Amino acid sequence: MYAEDLTFDIDKENTNDDSESDGEEKIGAALCDSDIDEFESHLVNMNLNYQSEEYSDDDTAYAPRIIDKTNKPRNDENNSWESDEYSCILGVPKELVQTKLKAPSSCFMRNGELLMVKFADKKATGDKEIYVIDSKGTAGVVQVERFEKGGSKKYISKPSSIIDYNGNMGGVDLSDSSLHHAYIDRKSYRCFVRDIMESTGAGRKPLTEFTPPQRRANSLPNSLTPQQCVNSLTNSIIPRKRIKIQHFSSRNNYDECRKRYIQKVCVLCHSKQIRKLTAHFCRTCHDAPALCYPNCFDTYHSQMQ
1 MYAEDLTFDI
11 DKENTNDDSE
21 SDGEEKIGAA
31 LCDSDIDEFE
41 SHLVNMNLNY
51 QSEEYSDDDT
61 AYAPRIIDKT
71 NKPRNDENNS
81 WESDEYSCIL
91 GVPKELVQTK
101 LKAPSSCFMR
111 NGELLMVKFA
121 DKKATGDKEI
131 YVIDSKGTAG
141 VVQVERFEKG
151 GSKKYISKPS
161 SIIDYNGNMG
171 GVDLSDSSLH
181 HAYIDRKSYR
191 CFVRDIMEST
201 GAGRKPLTEF
211 TPPQRRANSL
221 PNSLTPQQCV
231 NSLTNSIIPR
241 KRIKIQHFSS
251 RNNYDECRKR
261 YIQKVCVLCH
271 SKQIRKLTAH
281 FCRTCHDAPA
291 LCYPNCFDTY
301 HSQMQ
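Now the structure itself:
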């Protein structure tokens, strides 16, 4: 797909070249800082006859930004900074900046051995434009394997110059750094649960460890464990003896199909890890617990008083 607003010649010589271009040197790596500044000013001030090649695909790719968007080129005619929004990228031709690309897609411009690459990437934070200068690169697109969320695999199209830059660069300096903070997406719902637990203090050390040692030693006896201290506090606040109420035992409903009363697991036997069925329950208690009559029935209500 070629852009409609391009007014320069189309050169499709290396569009389908998928070679890896080993041993190629990048402009940013081969020249020193002073040479780079002189080279970028040469690109801005001179009207270079670039040729354009453009390629688009439905897949995404990413490469580091090596052209700073904050520096504005200087207009030598009126000795002032240009205010055009398309002239704010230093070292990039205006025609390439004005080319509108629908992410993900790529556009190339060449002048001799100099290749300028514009790559529109589609990220979670929005579409991004990456500009790369290559001295001996080819305007080729390579199919790269990528895994999406959920484990699905697909093939994305990425310019070969960006792949070479990512593989050969030793680090990113200040001129190549991102202009804004990189937003890292959460990988799973477990991250949110972990952050909430860490912010609220849940799942960390016991609450007694947050108390100062001197204060804990003065308030709690050394012979008691933390659980015993909690039980002593609850027993002192909540009265152990309750109002005496007369409890009555009753039977469950009669099952006509099975010719017997409906049976349930005894609550007291279940607390002792004993599975025992009974047809009796206490109709006085609000939860109507199933209790074996008369042993468990009397023991259960004697502990409540």
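Numbering (the UniProt record's numbering), first residue to last: 1 to 305. Where a beta carbon is used, it is the ideal one built from N, C-alpha and C, also for glycine. As the structure is a prediction and not an experimental result, all values here were calculated from the model.
Subject >> Coil, strand or helix - residue 93 by DSSP >> reply: As a first step, residue 93 is located in the sequence shown; it is residue number 93 there, counting from the start. Residue 93: coil per DSSP, three-state reduction.
Original post:
Hey, out of 132, 136, 160, 105, whose CA is closest to residue 142's CA?
Top reply: In the sequence shown, residue 142 corresponds to position 142, counting from 1. Residue 142 has its Cα closest to that of 160, out of 132, 136, 160, 105.
Original post:
Based on Cα-Cα distance, which residue from 136, 285, 226, 165 lies nearest to residue 114?
Top reply: For the purposes of this step, residue 114 is taken as residue 114 along the sequence shown, with counting starting at 1. Of the candidates 136, 285, 226, 165, the one whose C-alpha sits nearest the C-alpha of residue 114 is 136.
**OP:** Quick one: give me the first and last residue of the beta strand (DSSP E) that residue 249 is part of.
**Re:** The residue you call residue 249 lines up with position 249 of the sequence shown. From DSSP, the beta strand (DSSP E) with residue 249 extends over 249–251.
**OP:** Please go through the region 93–156 and give each complete beta strand (DSSP E) segment of 3 or more residues, from N-terminal end onward.
**Re:** 105–111, 114–123, 126–134, 141–147
**OP:** For the region 226–234 and the region 260–271, state whether three or more C-beta atom pairs, one from each stretch, are separated by less than 8 Å.
**Re:** no
Subject >> Test item: CB-CB of residue 288 and residue 251 under 8 Å >> reply: As a position in the sequence shown, residue 288 is number 288, starting the count at 1. As a position in the sequence shown, residue 251 is number 251, starting the count at 1. No, these two residues do not count as a Cβ contact at 8 Å.
Original post:
Can you check whether the CB of residue 109 is closer than 8 Å to the CB of residue 96?
Top reply: The count along the sequence shown starts at 1 and reaches residue 96 at position 96. The count along the sequence shown starts at 1 and reaches residue 109 at position 109. Their beta carbons are under 8 Å apart, which means residue 96 touches residue 109 by this criterion.
Original post:
Taking just the CA atoms, how far does residue 126 sit from residue 148?
Top reply: Here residue 148 refers to the residue found at position 148 of the sequence shown. Here residue 126 refers to the residue found at position 126 of the sequence shown. Answer to the nearest angstrom: the Cα atoms are 17 Å apart.
**OP:** Look at residue 281 and residue 268 and say whether their C-beta atoms are less than 8 Å apart.
**Re:** Within the sequence shown, the letter at position 281 stands for residue 281. Within the sequence shown, the letter at position 268 stands for residue 268. The answer is no: Cβ separation not under 8 Å.
Original post:
If we count the other Cβ atoms within 10 Å of its Cβ and call it buried at 16 or more, is residue 165 buried or exposed?
Top reply: Stepping through the sequence shown from its first residue, residue 165 is reached at position 165. Flag for residue 165 reads buried.
**OP:** Verify whether the separation of the beta carbon atoms of residue 153 and residue 145 is less than 8 Å.
**Re:** Here residue 153 corresponds to residue number 153 of the sequence shown, with the count starting at 1. Here residue 145 corresponds to residue number 145 of the sequence shown, with the count starting at 1. Result yes, Cβ atoms of residue 153 and residue 145 sit closer than 8 Å.
Original post:
With which residues is residue 275 paired in a DSSP beta bridge?
Top reply: Residue 275 sits at position 275 when you count from the first residue of the sequence shown. For residue 275, which the question treats as bridged, DSSP gives no partner whatsoever.
**OP:** Would you mind sorting residue 118 into buried or exposed? The rule is 16 or more other CB atoms within 10 Å of its CB.
**Re:** Position 118 of the sequence shown holds residue 118. Classification of residue 118: buried, given that the 10 Å Cβ count is 16 or more.
Subject >> Distance, residue 139 Cα to residue 133 Cα >> reply: Within the sequence shown, the letter at position 133 stands for residue 133. Within the sequence shown, the letter at position 139 stands for residue 139. Straight-line Cα distance between these residues: approximately 11 Å.
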